[in-house]
Amino acid sequence: MEIKRYKIDGESLRNNRLNDDFKRDLIVIENNVNDRTPVLIGLAGFFGSSESFLNRSYTGMDFLSVLNIISKDYSFIIALPDTMTSLRGNQYLNSMAVGNYEDFIVKDVLKHLDDLYGPRDKYLFGKSSGGFGAINLSMKHDEFSGFIDISGDSYFYYSYLNDFPVAYNILKKTGIDDFIDNFNKKYIHSNDELTAMNIVAMSAFYSRNDKINLPFDLSDGSLNQYWNDWLSFDPVSTVNNYLENLRKKRIVLQTGIHDEFKMYIGMKIISRTLERNNIDHVYIEYDAGHFNTNHFYLDSIPVILKNY
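Here the sequence shown is numbered in my numbering, starting from 8 and rising by one per residue.
Written out as C-alpha coordinates, the structure is:
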(Lines of atoms letter the chains of each structure in order from A; the text may use other names.)
(Lines give C-alpha, C1' and ligand atoms only; values in the text may rest on other atoms or scores of the structure.)
Protein backbone atom coordinates (compact mmCIF):
# COMPACT_ATOMS: atom_id res chain seq x y z
CA MET A 8 0.00 0.00 0.00
CA GLU A 9 1.51 3.32 -1.10
CA ILE A 10 0.45 6.88 -0.23
CA LYS A 11 1.02 9.58 -2.85
CA ARG A 12 0.36 13.31 -2.71
CA TYR A 13 -0.57 15.72 -5.48
CA LYS A 14 -1.46 19.39 -5.81
CA ILE A 15 -4.32 20.12 -8.21
CA ASP A 16 -5.80 23.31 -9.62
CA GLY A 17 -9.42 23.50 -8.54
CA GLU A 18 -10.55 25.70 -11.40
CA SER A 19 -14.13 25.40 -10.16
CA LEU A 20 -13.10 27.07 -6.90
CA ARG A 21 -11.51 30.17 -8.43
CA ASN A 22 -12.89 33.45 -7.07
CA ASN A 23 -15.02 31.74 -4.44
CA ARG A 24 -16.77 34.12 -2.06
CA LEU A 25 -14.76 32.98 0.98
CA ASN A 26 -11.45 33.51 -0.84
CA ASP A 27 -10.41 29.97 0.03
CA ASP A 28 -7.44 28.64 -1.94
CA PHE A 29 -8.41 27.04 -5.25
CA LYS A 30 -5.22 24.96 -5.32
CA ARG A 31 -5.92 21.79 -3.36
CA ASP A 32 -4.06 18.76 -2.06
CA LEU A 33 -5.09 15.31 -3.24
CA ILE A 34 -3.96 12.25 -1.31
CA VAL A 35 -4.01 8.95 -3.20
CA ILE A 36 -3.57 5.51 -1.62
CA GLU A 37 -2.75 2.72 -4.07
CA ASN A 38 -2.82 -1.02 -3.49
CA ASN A 39 -1.95 -3.61 -6.16
CA VAL A 40 -3.34 -1.43 -8.96
CA ASN A 41 -4.24 -3.13 -12.22
CA ASP A 42 -6.18 -2.10 -15.33
CA ARG A 43 -9.56 -2.78 -13.68
CA THR A 44 -8.88 -1.34 -10.22
CA PRO A 45 -11.65 1.16 -9.34
CA VAL A 46 -11.13 4.56 -7.76
CA LEU A 47 -12.92 5.28 -4.48
CA ILE A 48 -13.12 8.99 -3.66
CA GLY A 49 -13.43 9.79 0.04
CA LEU A 50 -15.45 12.83 1.14
CA ALA A 51 -14.64 13.95 4.67
CA GLY A 52 -17.23 14.65 7.33
CA PHE A 53 -17.78 18.16 8.67
CA PHE A 54 -14.80 19.62 10.59
CA GLY A 55 -12.59 17.21 8.62
CA SER A 56 -10.72 17.01 5.33
CA SER A 57 -8.40 14.71 3.41
CA GLU A 58 -5.77 14.54 6.15
CA SER A 59 -8.43 13.38 8.61
CA PHE A 60 -8.55 10.01 6.86
CA LEU A 61 -4.88 9.48 7.79
CA ASN A 62 -5.28 10.15 11.52
CA ARG A 63 -4.20 7.19 13.65
CA SER A 64 -6.29 5.97 16.58
CA TYR A 65 -5.12 3.94 19.56
CA THR A 66 -8.56 3.51 21.11
CA GLY A 67 -10.49 2.28 18.05
CA MET A 68 -10.32 1.44 14.36
CA ASP A 69 -8.81 4.14 12.15
CA PHE A 70 -9.21 4.37 8.39
CA LEU A 71 -5.66 3.29 7.56
CA SER A 72 -6.11 0.20 9.71
CA VAL A 73 -9.26 -0.59 7.71
CA LEU A 74 -7.32 -0.29 4.47
CA ASN A 75 -4.49 -2.46 5.79
CA ILE A 76 -6.98 -5.25 6.44
CA ILE A 77 -8.78 -4.84 3.12
CA SER A 78 -5.50 -4.59 1.19
CA LYS A 79 -4.80 -8.29 1.78
CA ASP A 80 -7.69 -9.29 -0.47
CA TYR A 81 -8.47 -6.38 -2.78
CA SER A 82 -6.93 -3.99 -5.26
CA PHE A 83 -7.92 -0.33 -4.82
CA ILE A 84 -7.18 3.31 -5.48
CA ILE A 85 -8.39 5.62 -2.69
CA ALA A 86 -8.48 9.33 -3.59
CA LEU A 87 -8.87 11.88 -0.79
CA PRO A 88 -9.34 15.50 -1.94
CA ASP A 89 -8.87 18.47 0.40
CA THR A 90 -12.25 20.16 0.67
CA MET A 91 -11.82 22.26 3.82
CA THR A 92 -13.41 25.72 3.78
CA SER A 93 -13.25 28.78 6.01
CA LEU A 94 -16.55 27.60 7.46
CA ARG A 95 -14.79 24.45 8.73
CA GLY A 96 -16.35 21.85 6.45
CA ASN A 97 -18.20 20.98 3.29
CA GLN A 98 -21.50 19.68 1.93
CA TYR A 99 -20.11 19.11 -1.59
CA LEU A 100 -22.62 21.41 -3.27
CA ASN A 101 -22.26 24.32 -5.67
CA SER A 102 -22.87 27.30 -3.41
CA MET A 103 -22.65 30.98 -4.30
CA ALA A 104 -21.94 31.66 -0.63
CA VAL A 105 -19.06 29.16 -0.34
CA GLY A 106 -17.82 27.82 -3.67
CA ASN A 107 -18.53 25.29 -6.40
CA TYR A 108 -17.53 22.14 -4.56
CA GLU A 109 -19.80 19.85 -6.56
CA ASP A 110 -18.00 20.95 -9.71
CA PHE A 111 -14.67 20.63 -7.92
CA ILE A 112 -15.30 16.93 -7.28
CA VAL A 113 -17.07 16.09 -10.55
CA LYS A 114 -14.82 18.12 -12.85
CA ASP A 115 -11.47 18.99 -11.28
CA VAL A 116 -10.81 15.92 -9.14
CA LEU A 117 -12.12 13.48 -11.75
CA LYS A 118 -10.02 15.12 -14.47
CA HIS A 119 -6.87 14.73 -12.40
CA LEU A 120 -7.69 11.10 -11.62
CA ASP A 121 -8.36 10.39 -15.30
CA ASP A 122 -5.00 11.96 -16.16
CA LEU A 123 -3.32 9.68 -13.61
CA TYR A 124 -5.12 6.41 -14.22
CA GLY A 125 -7.19 6.73 -17.37
CA PRO A 126 -10.91 5.90 -17.56
CA ARG A 127 -12.04 3.46 -14.88
CA ASP A 128 -14.98 2.98 -12.53
CA LYS A 129 -15.26 5.59 -9.79
CA TYR A 130 -17.18 5.51 -6.52
CA LEU A 131 -17.80 7.96 -3.68
CA PHE A 132 -17.76 7.23 0.03
CA GLY A 133 -18.09 9.18 3.23
CA LYS A 134 -19.60 9.60 6.67
CA SER A 135 -21.97 12.33 7.88
CA SER A 136 -21.47 15.33 5.55
CA GLY A 137 -19.29 13.05 3.43
CA GLY A 138 -22.11 10.54 3.23
CA PHE A 139 -24.48 13.31 2.16
CA GLY A 140 -22.04 14.30 -0.56
CA ALA A 141 -21.59 10.69 -1.65
CA ILE A 142 -25.28 9.98 -2.24
CA ASN A 143 -26.07 13.43 -3.62
CA LEU A 144 -23.28 13.50 -6.19
CA SER A 145 -23.53 9.84 -7.17
CA MET A 146 -27.24 9.85 -7.87
CA LYS A 147 -26.94 13.02 -9.98
CA HIS A 148 -23.84 12.19 -12.01
CA ASP A 149 -23.29 9.24 -14.33
CA GLU A 150 -19.54 9.53 -13.80
CA PHE A 151 -19.96 7.56 -10.56
CA SER A 152 -20.73 3.85 -10.45
CA GLY A 153 -22.01 3.91 -6.89
CA PHE A 154 -21.40 5.08 -3.34
CA ILE A 155 -21.10 4.31 0.36
CA ASP A 156 -23.22 6.57 2.57
CA ILE A 157 -22.54 6.19 6.30
CA SER A 158 -25.03 8.16 8.38
CA GLY A 159 -25.17 10.98 5.87
CA ASP A 160 -27.25 14.08 6.62
CA SER A 161 -30.84 13.08 5.95
CA TYR A 162 -34.39 13.56 7.19
CA PHE A 163 -33.53 17.10 8.20
CA TYR A 164 -36.51 17.40 10.55
CA TYR A 165 -34.77 15.04 12.97
CA SER A 166 -31.11 15.56 12.14
CA TYR A 167 -30.93 19.37 12.26
CA LEU A 168 -33.87 20.84 14.19
CA ASN A 169 -32.51 19.99 17.64
CA ASP A 170 -29.43 22.07 16.89
CA PHE A 171 -31.33 25.20 15.88
CA PRO A 172 -32.13 26.42 19.44
CA VAL A 173 -28.47 25.93 20.41
CA ALA A 174 -27.29 27.96 17.43
CA TYR A 175 -29.99 30.57 18.00
CA ASN A 176 -28.89 31.19 21.60
CA ILE A 177 -25.37 31.96 20.43
CA LEU A 178 -26.04 33.80 17.18
CA LYS A 179 -28.74 36.10 18.59
CA LYS A 180 -26.03 37.74 20.73
CA THR A 181 -23.53 38.43 17.96
CA GLY A 182 -25.02 37.91 14.53
CA ILE A 183 -23.32 35.75 11.93
CA ASP A 184 -20.31 37.88 10.97
CA ASP A 185 -19.15 38.63 14.51
CA PHE A 186 -19.68 35.00 15.50
CA ILE A 187 -17.43 33.83 12.67
CA ASP A 188 -14.79 36.44 13.54
CA ASN A 189 -14.81 35.43 17.21
CA PHE A 190 -14.75 31.74 16.31
CA ASN A 191 -11.67 32.26 14.16
CA LYS A 192 -9.85 34.07 16.97
CA LYS A 193 -10.44 31.41 19.64
CA TYR A 194 -8.17 28.44 20.25
CA ILE A 195 -10.81 26.32 21.96
CA HIS A 196 -14.53 26.11 21.19
CA SER A 197 -17.42 24.84 23.27
CA ASN A 198 -19.72 22.16 21.92
CA ASP A 199 -22.42 24.80 21.50
CA GLU A 200 -20.08 26.99 19.46
CA LEU A 201 -19.22 24.05 17.22
CA THR A 202 -22.92 23.38 16.77
CA ALA A 203 -23.50 27.03 15.85
CA MET A 204 -20.67 26.97 13.31
CA ASN A 205 -22.11 23.83 11.76
CA ILE A 206 -25.50 25.52 11.36
CA VAL A 207 -23.90 28.65 9.91
CA ALA A 208 -22.03 26.54 7.37
CA MET A 209 -25.12 24.54 6.42
CA SER A 210 -26.98 27.83 5.97
CA ALA A 211 -24.31 28.91 3.50
CA PHE A 212 -24.27 25.67 1.54
CA TYR A 213 -28.06 25.41 1.32
CA SER A 214 -28.47 29.09 0.40
CA ARG A 215 -29.97 30.01 -2.98
CA ASN A 216 -27.88 33.18 -3.16
CA ASP A 217 -24.47 34.40 -1.98
CA LYS A 218 -25.68 35.11 1.57
CA ILE A 219 -25.67 32.96 4.68
CA ASN A 220 -29.41 32.59 5.21
CA LEU A 221 -30.23 31.12 8.60
CA PRO A 222 -33.36 28.93 8.65
CA PHE A 223 -34.65 30.72 11.73
CA ASP A 224 -35.29 34.32 12.73
CA LEU A 225 -32.67 35.79 15.08
CA SER A 226 -35.32 37.95 16.75
CA ASP A 227 -37.26 35.03 18.22
CA GLY A 228 -35.87 31.73 16.86
CA SER A 229 -38.90 30.90 14.75
CA LEU A 230 -38.40 28.95 11.53
CA ASN A 231 -38.46 31.11 8.40
CA GLN A 232 -38.77 30.62 4.64
CA TYR A 233 -35.14 29.51 4.30
CA TRP A 234 -35.93 26.27 6.09
CA ASN A 235 -37.70 25.21 2.91
CA ASP A 236 -34.45 25.76 1.00
CA TRP A 237 -32.76 23.33 3.36
CA LEU A 238 -35.48 20.74 2.89
CA SER A 239 -35.05 20.87 -0.88
CA PHE A 240 -31.64 19.22 -0.40
CA ASP A 241 -32.84 16.44 1.93
CA PRO A 242 -31.91 13.05 0.41
CA VAL A 243 -35.10 11.42 1.69
CA SER A 244 -36.87 13.63 -0.87
CA THR A 245 -34.28 14.12 -3.61
CA VAL A 246 -33.68 10.38 -3.95
CA ASN A 247 -37.09 10.15 -5.62
CA ASN A 248 -35.83 12.34 -8.47
CA TYR A 249 -33.02 9.95 -9.41
CA LEU A 250 -34.45 6.46 -9.04
CA GLU A 251 -33.53 5.38 -12.57
CA ASN A 252 -29.98 6.64 -12.12
CA LEU A 253 -29.70 4.79 -8.82
CA ARG A 254 -30.86 1.57 -10.42
CA LYS A 255 -27.51 1.44 -12.25
CA LYS A 256 -25.37 2.05 -9.14
CA ARG A 257 -23.69 -0.12 -6.53
CA ILE A 258 -25.09 1.24 -3.25
CA VAL A 259 -24.20 0.73 0.42
CA LEU A 260 -26.08 2.48 3.24
CA GLN A 261 -24.83 2.11 6.83
CA THR A 262 -25.86 3.70 10.11
CA GLY A 263 -25.67 3.35 13.87
CA ILE A 264 -28.95 2.83 15.69
CA HIS A 265 -27.76 5.17 18.45
CA ASP A 266 -26.74 7.99 16.11
CA GLU A 267 -26.73 11.21 18.13
CA PHE A 268 -28.20 13.17 15.21
CA LYS A 269 -30.89 10.57 14.50
CA MET A 270 -29.44 9.88 11.04
CA TYR A 271 -30.68 6.30 11.32
CA ILE A 272 -34.20 7.58 10.58
CA GLY A 273 -33.22 9.18 7.29
CA MET A 274 -31.04 6.24 6.29
CA LYS A 275 -33.91 3.84 6.89
CA ILE A 276 -36.31 6.00 4.88
CA ILE A 277 -33.87 6.07 1.96
CA SER A 278 -33.44 2.30 2.13
CA ARG A 279 -37.19 1.71 2.15
CA THR A 280 -37.60 4.02 -0.84
CA LEU A 281 -35.03 1.97 -2.73
CA GLU A 282 -36.75 -1.25 -1.66
CA ARG A 283 -40.16 -0.06 -2.86
CA ASN A 284 -38.66 0.72 -6.24
CA ASN A 285 -36.77 -2.59 -6.47
CA ILE A 286 -33.36 -0.93 -6.46
CA ASP A 287 -30.60 -3.25 -5.27
CA HIS A 288 -28.59 -1.97 -2.34
CA VAL A 289 -26.94 -3.06 0.89
CA TYR A 290 -28.36 -1.59 4.10
CA ILE A 291 -26.71 -2.33 7.46
CA GLU A 292 -27.57 -1.08 10.95
CA TYR A 293 -24.99 -1.26 13.75
CA ASP A 294 -25.05 -1.04 17.52
CA ALA A 295 -23.18 2.26 17.32
CA GLY A 296 -23.53 6.03 17.32
CA HIS A 297 -22.51 8.75 14.89
CA PHE A 298 -18.81 8.77 15.73
CA ASN A 299 -15.97 6.22 15.74
CA THR A 300 -17.49 4.21 12.91
CA ASN A 301 -14.49 3.53 10.66
CA HIS A 302 -15.05 -0.19 11.20
CA PHE A 303 -18.21 0.12 9.09
CA TYR A 304 -15.89 0.31 6.06
CA LEU A 305 -14.74 -3.26 6.72
CA ASP A 306 -18.19 -4.30 5.49
CA SER A 307 -18.88 -1.68 2.82
CA ILE A 308 -15.63 -1.17 0.90
CA PRO A 309 -15.43 -4.89 -0.02
CA VAL A 310 -18.97 -4.63 -1.43
CA ILE A 311 -17.67 -2.00 -3.82
CA LEU A 312 -14.40 -3.79 -4.62
CA LYS A 313 -15.73 -7.28 -5.23
CA ASN A 314 -15.59 -8.52 -8.83
CA TYR A 315 -12.75 -6.15 -9.74
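Using N, Cα and C, we set each Cβ at its ideal position, and we do this for glycine too.
All figures in this text were calculated on a predicted structure; none of them were measured in a lab.
Boundaries (first-last residue) of the beta strand (DSSP E) holding residue i
| i | result |
| --- | --- |
| lysine 30 | 30 to 38 |
| glutamate 292 | 289 to 293 |
| glutamate 9 | 9 to 16 |
| valine 46 | 46 to 50 |
Residue i Cβ short of 6 Å to the ligand PLP heavy atom set
| i | result |
| --- | --- |
| aspartate 199 | This structure does not include the ligand PLP; it has no bound ligands of any sort. |
Cβ-based burial, residue i [other Cβ within 10 Å; buried from 16]
| i | result |
| --- | --- |
| leucine 312 | buried |
| threonine 66 | exposed |
| lysine 129 | buried |
| leucine 74 | buried |
| proline 242 | buried |
| aspartate 188 | exposed |
| methionine 8 | exposed |
| leucine 120 | buried |
| glutamate 251 | exposed |
| leucine 144 | buried |
| leucine 305 | exposed |
| leucine 100 | buried |
| glycine 96 | buried |
| glutamate 109 | buried |
| serine 19 | buried |
| glycine 125 | exposed |
| glutamine 232 | exposed |
| lysine 11 | exposed |
| asparagine 23 | buried |
| arginine 31 | buried |
| isoleucine 36 | buried |
| isoleucine 112 | buried |
| tyrosine 175 | buried |
| asparagine 107 | buried |
| tyrosine 315 | exposed |
| leucine 50 | buried |
| leucine 131 | buried |
Helix, strand or coil at residue i according to DSSP, with G and I counted as helix
| i | result |
| --- | --- |
| tyrosine 164 | helix |
| glutamate 267 | coil |
| phenylalanine 60 | helix |
| phenylalanine 212 | helix |
| arginine 24 | coil |
| threonine 326 | Only positions 8 to 315 of the chain appear in this structure, which leaves residue 326 out of reach. |
| phenylalanine 54 | coil |
| phenylalanine 70 | helix |
| arginine 279 | helix |
| leucine 230 | strand |
Limits of the alpha helix (DSSP H) - the one that residue i falls within
| i | result |
| --- | --- |
| asparagine 176 | 171 to 192 |
| leucine 238 | 233 to 238 |
| threonine 245 | 242 to 245 |
| leucine 309 | Residue identity check: residue 309 is proline in the sequence provided, not leucine. Proline 309 -> alpha helix (DSSP H) spans 304 to 312. |
| asparagine 252 | 250 to 253 |
Using a Cβ distance threshold of 8 Å, determine whether the segment 107 to 118 contacts the segment 152 to 162, with at least three qualifying pairs required. no
Tell me the start and end of each unbroken beta strand (DSSP E) in the segment 76 to 157 that is at least 3 residues and wholly inside, in chain order. 83 to 88, 129 to 134, 153 to 157
Check whether the segment 84 to 102 touches the segment 34 to 47, counting contact only when three or more Cβ pairs, one atom from each stretch, lie closer than 8 Å. yes
Any contact of the segment 219 to 232 with the segment 244 to 260, i.e. 3+ C-beta pairs under 8 Å? no
When the Cβ atoms of the segment 139 to 146 are set against those of the segment 159 to 166, are three or more pairs found closer than 8 Å? yes
Is the segment 287 to 305 close to the segment 256 to 274, with three or more CB pairs under 8 Å? yes
Evaluate contact between the segment 167 to 176 and the segment 275 to 287, counting only Cβ atoms and requiring at least three cross-stretch pairs below 8 Å. no
Contact between the segment 281 to 288 and the segment 173 to 183 (3+ Cβ pairs under 8 Å): no
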